[in-house]
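Colleague: Pasting a structure below so you can have a look.
In our numbering, the protein residues as written are 15 to 130.
Take a look at the structure:
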């Protein structure tokens, strides 16, 4: 990810987690920070405000609940992307003409080739 370099301060535990996540994901810490920053600044102000309020005033249970909801939404989105990609891939394997006659002709052609 190219672009402009920015810096920020995080506490030691976040820096350690960042290093571990970067290593596990085969990414650089800078690329993870860049994506996280891009995600945050592209949120609408109301969402950024709600996130700041949760960080400042939320209980640990409320923060865990939010993390769980966010994870569920990301997994649901990932599942939808997978379905779309599978449908596109399957569509290429389907015959252009799916009429009974065309399928019968294709089956006859396949059987003839198998017998030869």
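From the three backbone atoms N, C-alpha and C, an ideal C-beta is built for every residue, glycine too.
#1: Once the 5 residues before and after residue 80 are set aside, which same chain residues still bring their CB inside 7 Å of it?
#2: Jot down the residue ranges of each uninterrupted alpha helix (DSSP H) in the region 34-118, minimum 4 residues, whole runs only, in chain order.
#3: One question on the structure: do residue 38 and residue 46 come within less than 7 Å of each other, judged by their Cβ atoms?
#4: So which of 109, 31 and 18 has the shortest CA-CA distance to residue 52?
#5: Round the Cβ separation of residue 43 and residue 32 to the nearest angstrom and send it over; I've been treating them as touching at under 8 Å.
#6: For residue 109 and residue 120, which I take to be in contact (beta-carbon distance under 8 Å), what is that distance rounded to the nearest angstrom?
#7: Give the straight-line distance between the Cα atoms of residue 115 and residue 87, rounded to the nearest whole angstrom.
Modeller: Walking through what the data contain:
#1: Around residue 80: 68.
#2: Listed in chain order, they are 43-55, 59-71 and 74-107.
#3: It is not a contact, given that the beta carbons lie outside the stated cut-off.
#4: Of the candidates 109, 31 and 18, the residue whose Cα lies closest to the Cα of residue 52 is 18.
#5: About 5 Å; that satisfies the 8 Å criterion.
#6: Their Cβ separation, rounded to whole angstroms, is 6 Å, which keeps residue 109 and residue 120 in contact under 8 Å.
#7: For residue 115 and residue 87, the distance between alpha carbons rounds to 44 Å.
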